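Data block below; observations after.
Chains as they are written, first to last, in the working numbering: chain B, 26 to 453; chain H, 26 to 453; chain V, 26 to 453; chain G, 26 to 453.
Here is the structure:
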């Protein structure tokens, strides 16, 4: 057995890169996960309000996914099959077609890409540029789309951008996201720049936008704004890429976060919770008329994680064949909204952020947000911040969390808010 | 069950992107894998000489890895833990340290990156540029390092490069790989360009090189050349990145393909067979003094696939605690060399390529190579081509393939060569 | 003598590139220029309201400049001296120091650059990036800064941008110029994007801005806006480059167009009328603490046109030793404003543009503006359009034009407006 | 009068940028130039072996050019005419057609560009990329093509490249120039890289090459090599741009330096001596089928310096209507070769460089070369170094220099060589 079972974590310092991050907020060694509960090496239990940054929307180790995966492995089902045909992939695609695409009138094709969100985003960029013959891509302030070079150019965060040592992050124009400029109508800003042939903003290959910005601070775009962006893209012959990696798979109450907006994205990068069980898996949904790459024009070794096909299929069968699950999520989202509103009232200048089960409170400073999360962790709650200055306390609980545990977790959070607000007042 | 069990593959045409590729050479639906044998939906068995492009060096579904993984899942072990501490990660790191790093005198740290080779390569580029304050990276002709924007700039293949629609693939200088210019001393070419302050080749942040070029046509660099490149990098203050993604994990007979060269790479991107069982997993090995990123300066959701930690650890324990396995691989590599030599003698102008269990024959034309692979597939052998013009018939059998099955597979290949050579002669 | 004296212009079609442009609006062969009057090969006289796009602010062939230049040539004064010391350069520098820099409290140094505006702009970009270690430069919509690769990236016009065949025009962020977004406060847009560390707009090396945008449609920035931009640059550690190439040398009534704004640019690219007589000449004014390049770190063959030193010095001595000339320009600018206002009233939706002797009328459509200019040319007036859609009739008369000739030219223009407006009404 | 006439040079320190360079080698103030003789403010005469870096191939102030220019100015001929038609331009074009183009069977069109070499080069790059739809341009080691961003990317010198503060100089591949790699066949290097579709060297829009590299160290390409490059360009659908800016206008004995090679460049950037008298002037010669830009798609204020049209025409009429001048240049080139050979024999390891009247000696070190030039200057000879390490003593005398003065200058140079070699020996 590992030495960590004796409380010795030196192996991480000795052999894991310093770039590791989440372990610094949650400084213990985890051993087990069951739905919304994590257990550490000392047997202590935690409620998980981070959910793998929305990669575990169905919680840890769903029993049905587990069972199907164990059965697959036991029977020597393919573990790695490059992009060859497998029965497992066929069953996943058939279920995705029937459960998700057809009911929503979507004719998209599924492009298997390397199993990370940034791979899906990179594929979308390359394809959009190839199709349109244009290079510029419109991204939005506070957007996050990944850390490989193409995606990093789309990403707003200066700390992330500077990690690459100053290589130019080109062929991208960053425009203000909905609500990011106070009273200024950001749609009008975009419109004016694009309609002016001397603006210096080159005709874009695509717009890429998150319906709710996860890393950027739980900024939720309005229906009007998203429709305006979709119309603007169309008007200028640009493709609309809706990055639903963090906001998708039920997080906001519908399978795709863009569903309530009545827009038709040309491409949809998916990842995070798409595998159902937190296994690495990503795909790019592409309108069939845009599916123009020749075989292998874009490729990669791990496209189509076969184990993930198994669990992703089970997730779709279990949660998306009727609207029971969606209704539950919506209901939990309302509870979340209510409780966060109460907390926000206790913090001067606090603002509610987000949508559905992807909500948080902008508490005005990164220091306060961090203090609240640290206090909550002391009391068994795993929760993180987001936003440009880490100023948003972000709740990303599993959508499957039992209501009682959810409320208890929110009680823990509320107590942490109280403690930190009092500490802050005392310090002033 | 899926319709494909009834022989209906229409779901793939209907819903999977046209960019899929390997399925086109091997047009059947696979259901099971055991060591070097794949089984399709009709119960037909195939010998796998492709091994997930060297992602399945230990074959399909190794029983010990299976058992450990099933135990992990059954016990609700963490499936997805972001980059938090887990007992599973600790055990993997401890085993990797003891089994691989310490015996080789390597003090590298392990950076968990997104679970694809290109993520590891992108991380190495960003880090090298940040550390040196330089932008240019030296890559080599026929190199392949991935398909995301940063890695694609390093990749030689024009078809892949053009997939992105013409975005500039900058900040890279492509120099000739060992042996790629006939009699010209390619090391001298590199040296002259770098030593001339007016060459226009900017001082590099790094050299990135594969010990054996897998996609590029199984080109194997000599010891002298690799040492020369390592010395040149050092002389010019550049870091040496050895991309051992395809050639590593025992493929050439040692754990790392660069071991026989007596060089000390600054960074080593690992992926493909690193997880042992074909699960998506990648890491960047980094010398400790280069481990300078702040927490989260580079990040990603799926860094550190916990299931892969389990299987990777078992693989290290099972195959790398003594030299039994390495000797077997070397022995099989000699058999392979012998049999390919015999085949090459039957083809005008054919050349042997590669090293260890990563060998092939350049048959002079892509058409002939493709015909041979297609003929072999008819007879139950899964085998692919590589090289700029797909002119190399490439053998990447699992290293664990039983000798008898290996020889039978080579018989099948030899027969395919005979048939195709005769067909070609007949057609002329 | 040339065949053109016989009306044969075929040599131009035969041997001059089709990219030539102004000759297409003014399809005759010119032979002589005297102040505001041009004479063509048939002896016809034209009033020049274009003035070499503001390169002839002192008119054609000023007699004092002519005399000095002829004396210089006659005496075998240096015609080309690279950047060696000459008495001619010394006299120019001494005069520029005494006449322009000292009275304005400017301690700038004069960097001789290649004799075109774009050379001065390219030098400013390179220097700003070197000094700050940053790459991004903020430019503004409808800006024009030149056609070489670095300057083209700053330029807004899409037709110009596309001339380069799609090479990336990177490391520039284009923000909205004053007044370019209707009611939207464009300074606030700039401020919000720069103050948000996750906006994706990288910290800039410099802001580059024209006080009045010549090619962009005679957009004149307000004092408040220019001061706001200057403050924003300072706040973010960016240099302020004020491109006074077209708007400088008295065009708006002061030597530099930025004088009324009370700002202190770090660098000022100068060209066009800087030589006084229309000879190719450009320079970059640089604050002494920014004059950090080593000898020859930026160079060029024609830096410091010696003939231009002669004429530029005479221009400074003649026009800028007291405020007589500046007052005349201001007065003429008021006449121009008055007359253009009258014309604008006759055109539905017309808007007055510009400042000083750099004014025009946005007539709402490129077709109408072109028709007006063509009609004016028929009646002996040389005048051009500007703006993204060529929708602005632009008056750039020599500042030295006799008042009577100026008013007669404005009469011609007013008549052309009347004619074209009536034609337009008739056509509707 | 200027204070410099009293020996006070403080104005330069006070007001001219430190980036100035030639004045540092020749630290006196020049006042007059006549053919190959410069006179300084103290009346001292110098023989000019620098000739404005080959911008004064016909010497200073040729009396016929002077006379024509004075006549033009006196008669109020156009000084600045944008790109409008003038009689002066017509006469120049007619003379260039008759004297240069037609006798050489060239059907090129003349594109007037901004009056510096780098403007012509930038225009050629933009046009080549637009025509081919490709971005990559092949340039050669030790090449120099200018300092604006597009041209700088082509330039080899690292000092120049670094002047821009690290902006990426992309879309260019630098290949080894003829003779730059000892025994390695550099044409074979180019061929192998371009013929390998996986080399990572993207299909080029153009090759740009100097027949003799002036700044790069007077490297003269062989006929075979230039023909090989021309053939390679053609084979790969790339345009051939021959940069004859420094080597053209008779410098090597023919009007164009590429004439002896029997190649047909697609584009030829011209500048430096093209105006005849050292006035700023540049043009791009373009094959008619490549003259595809729309009017103003590339533009600039000072395209077509009218004063230069006058002097350039006189130069063509005076020197190129028969072969007298060319023969004289060839003869002088042989004298030069003979004398430099004698000098080279006195220096260990010295190598002769160049061709025609563009020759020098690589003396093995920049220090020695600089010492020789400084010693020569003490004795009234203006001469400079070139090469990556400034190791080449470079003779660029006016082609019109009287033979006696030429030989006397060479005597001065030979004496400087003797002195410096003896000093060096003494110091060792």
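Just so it is clear, CB atoms sit at the ideal spot from N, CA and C, and this is done for glycine as well. Keep in mind that this is a model prediction, so the values were computed, not measured.
Per the contact definition of three or more C-beta pairs closer than 8 Å, is the region 109-119 of chain G in contact with the region 269-286 of chain G?
no
Nearest-angstrom Cα separation, counted from residue 129 of chain G out to residue 266 of chain H
Translated into positions along the second chain, residue 266 of chain H becomes position 241. Translated into positions along the fourth chain, residue 129 of chain G becomes position 104. Going from the Cα of residue 266 of chain H to the Cα of residue 129 of chain G covers about 53 Å.
In chain order, which beta strand (DSSP E) runs of at least 3 residues are fully inside the region 194-268 of chain G?
197-200, 231-234, 264-267
Chain G contacts from the region 194-211 of chain H (Cβ-Cβ distance under 8 Å):
194, 195, 196, 197, 198, 199, 201, 205, 206, 207, 209, 210
How big is the Cα-Cα spacing for residue 256 of chain H and residue 387 of chain G?
If you number the second chain from 1, residue 256 of chain H lands on position 231. If you number the fourth chain from 1, residue 387 of chain G lands on position 362. Using only the alpha carbons, I get a separation of about 29 Å.
Starting from residue 160 of chain V, find everything on chain B with Cβ-Cβ shorter than 8 Å and list it in chain order.
Position 135 of the third chain, counted from the start, is the residue given in the question as residue 160 of chain V. Within 8 Å Cβ-Cβ: 191, 193.
Closest by CA to residue 221 of chain V, which one among B:213, B:192, B:180?
Walking along the third chain from the start, residue 221 of chain V turns up at place 196. Nearest C-alpha to residue 221 of chain V: B:180.
What did DSSP end up calling residue 284 of chain G once you bin it into helix, strand or coil?
On the fourth chain, position 259 is the one that residue 284 of chain G refers to. The answer is helix: DSSP assigns residue 284 of chain G an H, G or I state.
Within-9 Å CB hit, residue 151 of chain B to chain V:
Within the first chain, residue 151 of chain B is the residue found at index 126, counting from 1. Not closer than 9 Å to any Cβ of chain V, the Cβ of residue 151 of chain B fails to qualify, so no.
Using Cβ-Cβ distances below 8 Å, what residues of the region 35-53 of chain H are close to chain B?
36, 37, 39, 40, 41, 42, 43, 44, 45, 46, 47, 48, 49, 51, 52, 53
Contact defined as beta carbons within less than 8 Å: I believe residue 320 of chain H pairs with residue 46 of chain B. What is the distance between those atoms, to the nearest angstrom?
As a first step, residue 320 of chain H must be located in the second chain, where it is residue number 295. As a first step, residue 46 of chain B must be located in the first chain, where it is residue number 21. The pair is a contact, with the Cβ atoms about 4 Å apart (cut-off 8 Å).
Coil, strand or helix - residue 107 of chain V by DSSP
Residue 107 of chain V sits at position 82 when you count from the first residue of the third chain. In the structure shown, residue 107 of chain V sits in coil (DSSP, three-state: anything other than H, G, I, E or B).
For residue 165 of chain H, three-class secondary structure by DSSP
Mapped onto the second chain, residue 165 of chain H falls at position 140. Here residue 165 of chain H sits in strand by DSSP.
Chain H beta carbons: is any one of them nearer than 9 Å to that of residue 343 of chain B?
Here the question's residue 343 of chain B lines up with position 318 in the first chain. Chain H, which has no Cβ nearer than 9 Å to the Cβ of residue 343 of chain B, makes this no.
Return yes when the Cβ of residue 420 of chain V is within less than 9 Å of the Cβ of residue 383 of chain V, no when it is not.
On the third chain, residue 383 of chain V is found 358 positions in, with the first residue counted as 1. On the third chain, residue 420 of chain V is found 395 positions in, with the first residue counted as 1. Yes. Within cutoff.
In terms of residues, what are the limits of the beta strand (DSSP E) holding residue 53 of chain H?
Along the second chain, read from residue 1 onward, the residue named residue 53 of chain H stands at position 28. Careful: residue 53 of chain H lies outside any beta strand (DSSP E) and carries neither H nor E.
I think residue 202 of chain G touches residue 246 of chain G, with their Cβ atoms under 8 Å apart; what is that distance to the nearest whole Å?
Within the fourth chain, the letter at position 177 stands for residue 202 of chain G. Within the fourth chain, the letter at position 221 stands for residue 246 of chain G. Right, the Cβ-Cβ distance comes to about 7 Å (below 8 Å), so this counts as a contact.
Can you look up residue 390 of chain V in the DSSP assignment and give me helix, strand or coil?
Here residue 390 of chain V corresponds to residue number 365 of the third chain, with the count starting at 1. In the structure shown, residue 390 of chain V sits in coil (DSSP, three-state: anything other than H, G, I, E or B).
In whole angstroms, what is the alpha-carbon distance linking residue 158 of chain V and residue 82 of chain G?
Position 133 of the third chain, counted from the start, is the residue given in the question as residue 158 of chain V. Position 57 of the fourth chain, counted from the start, is the residue given in the question as residue 82 of chain G. Whole-angstrom Cα-Cα distance: 41 Å.
Just checking my contact of residue 323 of chain G with residue 44 of chain V at CB under 8 Å: how many whole Å lie between their CB atoms?
Numbered from its first residue, the fourth chain carries residue 323 of chain G at position 298. Numbered from its first residue, the third chain carries residue 44 of chain V at position 19. So it is a contact: roughly 6 Å between Cβ atoms.
For residue 414 of chain H, decide whether its Cβ has a neighbour in chain D, counting only Cβ atoms nearer than 9 Å.
Among the chains of the structure shown, chain D does not appear; the protein chains present are B, H, V and G.
If you reduce the DSSP assignment to three classes, tell me which class residue 123 of chain H lands in.
Against the second chain, residue 123 of chain H aligns to sequence position 98. Residue 123 of chain H: helix per DSSP, three-state reduction.
For residue 310 of chain H, does the three-state DSSP call read helix, strand or coil?
Indexing the second chain from 1 puts residue 310 of chain H at position 285. Residue 310 of chain H: strand per DSSP, three-state reduction.
For residue 2 of chain H, would you say it is in contact with chain B, using Cβ-to-Cβ distances shorter than 9 Å as the test?
Given a span of 26 to 453 for chain H in the structure shown, any question on residue 2 of chain H remains unanswerable.
On the three-state DSSP scale, how would you describe residue 290 of chain G?
Along the fourth chain, read from residue 1 onward, the residue named residue 290 of chain G stands at position 265. Three-state result, residue 290 of chain G: coil.
From residue 374 of chain B to residue 408 of chain B, what distance separates their C-alpha atoms?
Taking the first chain and counting its residues from 1, one reaches residue 374 of chain B at position 349. Taking the first chain and counting its residues from 1, one reaches residue 408 of chain B at position 383. Approximately 21 Å between the Cα atoms of the pair.
Please classify residue 185 of chain V: is it buried, with 16 or more other beta-carbons within 10 angstroms of its beta-carbon, or exposed?
For the purposes of this step, residue 185 of chain V is taken as residue 160 along the third chain, with counting starting at 1. Buried, since its Cβ has 16 or more Cβ neighbours within 10 Å.
Taking Cβ positions only, does residue 86 of chain G come closer than 9 Å to chain V?
Position 61 of the fourth chain, counted from the start, is the residue given in the question as residue 86 of chain G. Yes, because at least one Cβ of chain V sits closer than 9 Å to the Cβ of residue 86 of chain G.
Using a Cβ cut-off of 8 Å, which residues of the region 211-239 of chain G contact any Cβ in chain H, in chain order?
213, 214, 217, 218, 221, 222, 223, 224, 225, 226, 227, 228
By the 10 Å Cβ neighbour count, where 16 or more other Cβ atoms means buried, how is residue 427 of chain G classified, buried or exposed?
Here residue 427 of chain G is taken as the residue at index 402 of the fourth chain, counted from 1. When all chains shown are included, residue 427 of chain G counts as exposed.
Who are residue 418 of chain G's beta bridge partners in DSSP?
The sequence position of residue 418 of chain G within the fourth chain is 393, counting from 1. According to DSSP, residue 418 of chain G bridges with G:386, G:410.
Bridge partners for residue 323 of chain H per DSSP, in chain order?
Working through the second chain from its first residue, we reach residue 323 of chain H at position 298. Bridge partners of residue 323 of chain H: none, in fact.
Which residue wins for smallest C-alpha separation from residue 146 of chain G, given the options G:354, G:411, G:100, G:175?
Locating residue 146 of chain G in the fourth chain gives position 121, counting from the first residue. Of G:354, G:411, G:100, G:175, the residue nearest in Cα terms is G:175.
Could you check which residue in G:104, G:70, G:163 has the C-alpha nearest to that of residue 58 of chain G?
Position 33 of the fourth chain, counting from 1, holds the residue named residue 58 of chain G. Checking every option, the nearest Cα to that of residue 58 of chain G belongs to G:70.
For residue 71 of chain H, which residues does DSSP report across the bridge?
Within the second chain, the letter at position 46 stands for residue 71 of chain H. For residue 71 of chain H, which the question treats as bridged, DSSP gives the partners H:63.
Just confirm the distance between the C-beta atoms of residue 413 of chain G and residue 167 of chain G, as a whole number of angstroms; I'd bet it's less than 8 Å.
The count along the fourth chain starts at 1 and reaches residue 413 of chain G at position 388. The count along the fourth chain starts at 1 and reaches residue 167 of chain G at position 142. With a Cβ gap of about 6 Å, residue 413 of chain G and residue 167 of chain G count as contacting.
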